[in-house]
Amino acid sequence: MISECLYGIFCKYCFLFAKVGGIHGQVQLLKLVTLPLKSYSKLLGKDGDLQLHDCNAYHKVAMLAASDFIRTYECPSTDVRNLVNEGRLKQAKENRERLKPIIESIIFLGRQNIALRGHRDDGQIFEINQNSSLINDGNLRELLRF
C-alpha cells in the first residue's frame, strides 16, 4: 500500500500482522513493515526488494494471519472459539427457556399483588407425593406446578 504522508510503500499484511522477524523473533522489522520503502531503484527483479520481502518467513506468517482474519470475519462460525462456545450457548439457551415461566409467574403475581411464598415453600417443586394436593406450598410454587 502507498503512504502519501510518509512518501513510501508498505506491505499491508506485514504492516498489520507482522510483529517481529528473524530466527528467534529478535529482529526488528523495518523496510516495508514499520518504515516505508522510499528507494525504488531495486524494487523489482530477482534480487529486488519486493521479491526478497516476499520470501521472508515473517511475511508468510503475516499472510496466513491475514487470511485467517478474513475467513473468520466472513464466516464467524468457523472460528475455534465459537465452536468451543457452541455447547455453552446451547446451555444458555436452555437456561433461558427454563427461566421464562418462572419470570412470567413472578410478574403475574406481582401485578396481581399476590404474595410469592406460602407457609411451606422449601424442597423440590415437582416432587410426586400423595399428600401434594393437600399441602399448599405457596403461590409461586403452585403456579409453577400448574
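Using our numbering, read the sequence shown as starting at -4 and increasing by one per residue.
For every residue, glycine included, the Cβ atom is placed at its ideal position computed from N, Cα and C.
Beta-carbon proximity check, residue i vs residue j, cutoff 8 Å
{"i": "Cys9", "j": "Leu27", "result": "yes"}
{"i": "Leu104", "j": "Leu139", "result": "no"}
{"i": "Lys33", "j": "Gly3", "result": "yes"}
{"i": "Phe5", "j": "Ala57", "result": "no"}
{"i": "Pro71", "j": "Asn77", "result": "yes"}
Per DSSP, cross-strand counterpart(s) of residue i
{"i": "Ile32", "result": "Strictly speaking, residue 32 in this sequence is Leu, with Ile absent from that position. DSSP, once it has assigned bridges, lists Ile4 as partnering Leu32."}
Which of helix, strand or coil DSSP assigns to residue i
{"i": "Lys26", "result": "strand"}
{"i": "Leu104", "result": "helix"}
{"i": "Ala13", "result": "coil"}
{"i": "Ala61", "result": "helix"}
{"i": "Lys41", "result": "coil"}
{"i": "Gly133", "result": "coil"}
{"i": "Ile109", "result": "coil"}
{"i": "Cys70", "result": "coil"}
{"i": "Asn77", "result": "helix"}
C-alpha distance - residue i paired with residue j, whole-angstrom precision
{"i": "Ala52", "j": "Ile65", "result": "20 Å"}
{"i": "Gly43", "j": "Lys88", "result": "57 Å"}
{"i": "Leu111", "j": "Glu137", "result": "10 Å"}
{"i": "Arg106", "j": "Arg93", "result": "21 Å"}
{"i": "Arg83", "j": "Ile98", "result": "22 Å"}
{"i": "Tyr35", "j": "Leu59", "result": "27 Å"}
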